[in-house]
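What follows is one structure encoded as structure tokens, with my remarks underneath.
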Amino acid sequence: MSSCVSPSENFVPDSRASTPVSDKSCASRPDDVVNTMNKKVEVYTNIVNQFSRNLNTLGDRFNRFETQLKINNEKVEKLENLSESLLSSISKIEDQGGKFVYECFR
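Residues 1 to 106 (the UniProt record's numbering) are what the sequence shown spells out, left to right.
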């Protein structure tokens, strides 16, 4: 990044003036200012683009997480239904077994 220099540095004598004039004054280098601003814009653009990519990656990961969570919830629901069915079957077997034992020892 370029900066303006004091008149005492890198001066060129001006035949019309009694004091030397700087050849690198701020007013004489607007293209340097534009180049500096363009570089800053490029840096900020790169930062914004990287942030956008990171945000998209985070969104993709969240979507995968949400999908996996739905799959896991469906599996849990199926297991709960199977557990209820199994408990119901065990209860029926116990009821029938109790009747069988009762009939045998009557």
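Where a beta carbon is used, it is the ideal one built from N, C-alpha and C, also for glycine. It should be emphasised that the depicted structure is a prediction, and the values quoted were computed from it without experimental measurement.
Three-way DSSP call (helix, strand, coil) for residue i in this model
| i | result |
| --- | --- |
| R53 | helix |
| F105 | coil |
| R64 | helix |
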